[in-house]
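Participant:
There are 2 protein chains.
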Amino acid sequence: MVKKMIHTSDKEQLILQAAMDVFIEKGRHGAKMQEIADHAGINKALLHYYYRSKEKLYSKIFEFLIWHNMSDLLSLLDSDLSFPEYLRTFIWNYTDLLKENPKIPLFILKELSEGGDTVQTVLKNLVESGKFDTSKALKVIQRGMDQGEIVRMDPLQVVATIVGSCLFYFISEPIFKTLFVDEASFDRERFIQERKESIYQLLSYGLIPRGDQ
Amino acid sequence: MVKKMIHTSDKEQLILQAAMDVFIEKGRHGAKMQEIADHAGINKALLHYYYRSKEKLYSKIFEFLIWHNMSDLLSLLDSDLSFPEYLRTFIWNYTDLLKENPKIPLFILKELSEGGDTVQTVLKNLVESGKFDTSKALKVIQRGMDQGEIVRMDPLQVVATIVGSCLFYFISEPIFKTLFVDEASFDRERFIQERKESIYQLLSYGLIPRGDQ
DNA sequence: GAAAGGTTAAACTAAATGGTTAAAAAAATG
DNA sequence: CATTTTTTTAACCATTTAGTTTAACCTTTC
């Protein structure tokens, strides 16, 4: 379900994968060491043999997930594209990423809402070490404005709207379906494909019809 | 922090309020009965005297929060406005609601990610009892399209984009700030005010400049 | 002021769970 | 084969926590 982590020994790898699945599924507190062991097909003793404590295991996985969930998107910003191309590529890549790992964002947000020292620590490390240079995103938007490709607006607001638009469906999927969708006739795959196009359309041209095109 | 619930006896009310605060803050599993009792200024025995179990307490609060978080927004759809007015009003109302209760959405989403039988049950009840008529939202959008006020697009996609845009900042606030914002010079209040205007602008007119206005 | 019900304190049970331990068994290694 | 490392088993400890119980105390009400 999720890409491989840096590989070490076989069992170690197996444990990490199992832990990741269980943590994502059940959350930090919902996840039990016994369940992780079961899921990895080993016993609890061995689990502790490799990873001293639940906390250690958790933050290792947390760090990996944040990285895995963001690095591709940020590296996109190094390419040399027009703003519309950037926007389109971001929406496509991010939506695909979410489609394949729909539970990760909520997992991260959950951690966040529980005080989230782990998150903040991991994040700050990534930002301060320069691995996450988010200012690139703002610069890309700024440049788009300077070159007249897009209207002037606080780049932060643009970021929030783009990311929020992409993210929403995936974090709210069960609620969204219950509220709005007739399960029987709903084609998830197709909706997600349309989602990309719709977001791009909407953010580019807006809901109000244009006179000029 | 959160509006009063339907009032019963004094202590009962006090307990509900305390439970709500603690559950929102710590989540279903993070919340402890002892802490709720402390928070309400009573002891655990009395807590169980009024509410037999944690589960009962939890789902009572959960139901209230879903209702509280959505009913205002849905009732808006009964008024007779042009689509731009609807859009504007929704963005303003919803953002204000989120500003005052920023932890509720994440609380709900969290429940959701943990299997969330409680959510689904509560939601389905609300939908099937007719208290939540979400089709009204889709109809308002449809009408806007039929009258040429907005471009044609799957109404579901429109909903997802609008709600996602409003919601994102509030559920990701700590992460968002860490990644993008210089805490020292950041004015939250102002950002949120601007947020409304930006979302409205962006969804109405898009990022690509218009030739005609 | 007596009865009823609300409230407290404190000790208790039972279950879940993170983590440990020690000894044996199995697998890998040289 | 001898040694080291990995893995299992199974019992065990300590802690947390939901929920109970009992006896006493306070407050209201008739």
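Residue numbers (our numbering), protein chains in the order written: chain F, 5 to 217; chain S, 5 to 217. Glycine included, every Cβ here is placed at the ideal spot set by N, Cα and C.
#1: Is the stretch 29-43 of chain S touching the stretch 82-102 of chain S in the sense that three or more CB pairs, one from each, lie closer than 8 Å?
#2: Grab me the residues of S:GLU85's own chain with a C-beta within less than 8 Å of its C-beta, minus the 5 sequence neighbours each way, in chain order.
#3: State the Cα-Cα distance for the pair S:ILE65 and S:ALA49, rounded to the nearest angstrom.
#4: In whole angstroms, what separates the C-alpha of S:CYS170 from that of S:GLU115?
#5: Could you round the C-beta distance between F:VAL144 and F:LEU81 to whole angstroms and report it? I think they count as a contact, below 8 Å.
#6: Can you find a CB in chain F that lies within less than 8 Å of the CB of S:ASP100?
#7: Hey, out of F:THR125, F:GLU67, F:MET24, whose CA is closest to F:ILE40's CA?
#8: S:ASP25 touches chain F at which residues, Cβ-Cβ below 7 Å?
#9: Please classify S:GLN219 as buried or exposed, where buried requires at least 16 neighbouring CB atoms within 10 angstroms.
#10: For S:PRO213, is the classification buried or exposed, using 16 other Cβ atoms within 10 angstroms of its Cβ as the cut-off for buried?
#11: What did DSSP end up calling S:LEU211 once you bin it into helix, strand or coil?
#12: Can you list, in chain order, the residues of its chain with a C-beta nearer than 8 Å to that of S:GLY215? Leave out the 5 residues immediately preceding and following it.
#13: Is there a Cβ of chain F sitting closer than 8 Å to that of S:ILE46, yes or no?
#14: Between which two residues does the alpha helix (DSSP H) carrying S:ALA188 extend?
#15: Can you give me the C-alpha to C-alpha distance between F:TYR204 and S:PHE195, rounded to a whole angstrom?
#16: For S:ASP158, which three-state DSSP category applies?
#17: Going by C-alpha distance, which of F:ALA164, F:LEU77, F:ARG32 is nearest F:VAL123?
#18: Quick check on the burial criterion: 16 or more other C-beta atoms within 10 angstroms. Buried or exposed for F:HIS11?
#19: To the nearest angstrom, report how far apart F:HIS43 and S:GLU67 are at their CA atoms.
#20: Hey, out of S:GLU153, S:GLN146, S:PHE111, S:MET157, whose CA is closest to S:PRO88's CA?
#21: Distance, Cα to Cα, F:VAL6 vs S:GLN17?
#22: Tell me whether F:LEU77 sits in a helix, a strand or coil according to DSSP, three-state version.
#23: Compile a chain-ordered list of the residues in the stretch 151-169 of chain S whose CB is closer than 8 Å to at least one CB of chain F.
#24: List the endpoints of the continuous alpha helix (DSSP H) containing F:GLU104.
#25: What does S:VAL131 reach in chain F if we use C-beta pairs closer than 7 Å?
#26: Grouping DSSP H, G and I as helix and E and B as strand, with all else coil, what is F:LYS114?
#27: Taking a contact to mean a Cβ-Cβ separation below 8 Å, would you say F:SER117 touches S:LYS107 in this structure?
#28: With a CB to CB cut of under 6 Å and the five nearest residues on each side skipped, what residues in its chain are close to S:LEU129?
#29: CA-CA distance, S:GLN146 and F:LEU142?
#30: Please list the terminal residues of the continuous alpha helix (DSSP H) segment that includes S:THR125.
#31: Taking 8 Å as the CB-CB limit, is F:LYS128 close to chain S?
#32: Within the same chain, show all residues whose beta-carbon is closer than 8 Å to that of S:ILE46, passing over the 5 residues directly before and after it, in chain order.
#33: Hey, could you find the ends of the alpha helix (DSSP H) F:ASP25 is sitting in?
Facilitator: Let me lay it out:
#1: Between the stretch 82-102 of chain S and the stretch 29-43 of chain S, the count of Cβ pairs shorter than 8 Å is below three; the stretches do not touch.
#2: Reading the sequence as shown, one finds Leu at residue 85 of chain S and not Glu. For S:LEU85, where only same-chain residues beyond five positions count, the Cβ hits under 8 Å are THR93.
#3: Distance between the alpha carbons of S:ILE65 and S:ALA49: 20 Å.
#4: Cα to Cα, the separation comes out at about 20 Å.
#5: Yes, they are in contact, since the Cβ atoms of F:VAL144 and F:LEU81 sit about 6 Å apart, within 8 Å.
#6: Not one chain F Cβ lies under 8 Å of S:ASP100.
#7: For the residues F:THR125, F:GLU67, F:MET24, the minimum Cα distance to F:ILE40 belongs to F:MET24.
#8: Within chain F, no residue comes near S:ASP25; the closest Cβ sits about 14 Å away, beyond 7 Å.
#9: Outside the shown range of chain S, which is 5 to 217, sits residue 219 of chain S, and nothing can be said about it.
#10: Under a 10 Å Cβ-count criterion, S:PRO213 is classified as exposed, with fewer than 16 other Cβ atoms of the shown protein chains found around its own Cβ.
#11: The answer is coil: DSSP assigns S:LEU211 none of H, G, I, E or B.
#12: Excluding positions up to five away in sequence, the list is empty.
#13: With respect to chain F, the C-beta atom of S:ILE46 has no partner C-beta closer than 8 Å.
#14: DSSP places S:ALA188 in no alpha helix (DSSP H); its state is neither H nor E.
#15: Roughly 24 Å separates the two Cα atoms.
#16: DSSP places S:ASP158 in the coil class of the three-state scheme, outside both helix and strand.
#17: Comparing Cα-Cα distances from F:VAL123 to each of F:ALA164, F:LEU77, F:ARG32, the minimum goes to F:ARG32.
#18: The pLDDT assigned to F:HIS11 is 41, lower than 50, so where the model puts this residue is not dependable, and the model offers no usable value.
#19: Between the C-alpha atoms of F:HIS43 and S:GLU67 there is a straight-line separation of about 33 Å.
#20: Minimum Cα distance to S:PRO88 is reached at S:GLU153.
#21: Below a pLDDT of 50, predicted positions are generally treated as unreliable, and F:VAL6, at 42, falls in that range; no measurement from the model is reported.
#22: Residue state, collapsed to three classes: helix.
#23: Going along the stretch 151-169 of chain S in chain order, one finds GLY152, GLU153, ILE154, VAL155, MET157, ASP158, LEU160, GLN161, VAL162, VAL163, ALA164, THR165, VAL167, GLY168, SER169 with a Cβ nearer than 8 Å to chain F.
#24: Annotation for F:GLU104: the continuous alpha helix (DSSP H) segment containing it runs 87-104.
#25: Those within 7 Å of S:VAL131 in chain F are THR182, LEU183.
#26: In the three-state reduction of the DSSP assignment, F:LYS114 falls in the helix class.
#27: F:SER117 places its beta carbon less than 8 Å from that of S:LYS107.
#28: The question names Leu, but residue 129 of chain S in the sequence shown is Asn. Taking S:ASN129 as the centre and dropping the five residues before and after it, the same chain places no C-beta closer than 6 Å to its C-beta.
#29: For S:GLN146 and F:LEU142, the distance between alpha carbons rounds to 35 Å.
#30: From DSSP, the alpha helix (DSSP H) with S:THR125 extends over 121-132.
#31: Taking CB atoms only, F:LYS128 has a neighbour in chain S less than 8 Å away.
#32: Beyond the five residues adjoining it in sequence on each side, S:ILE46 comes within less than 8 Å, by CB distance, of LYS15, LEU18, ILE19 in the same chain, given in chain order.
#33: Element bounds for F:ASP25: 14-34.
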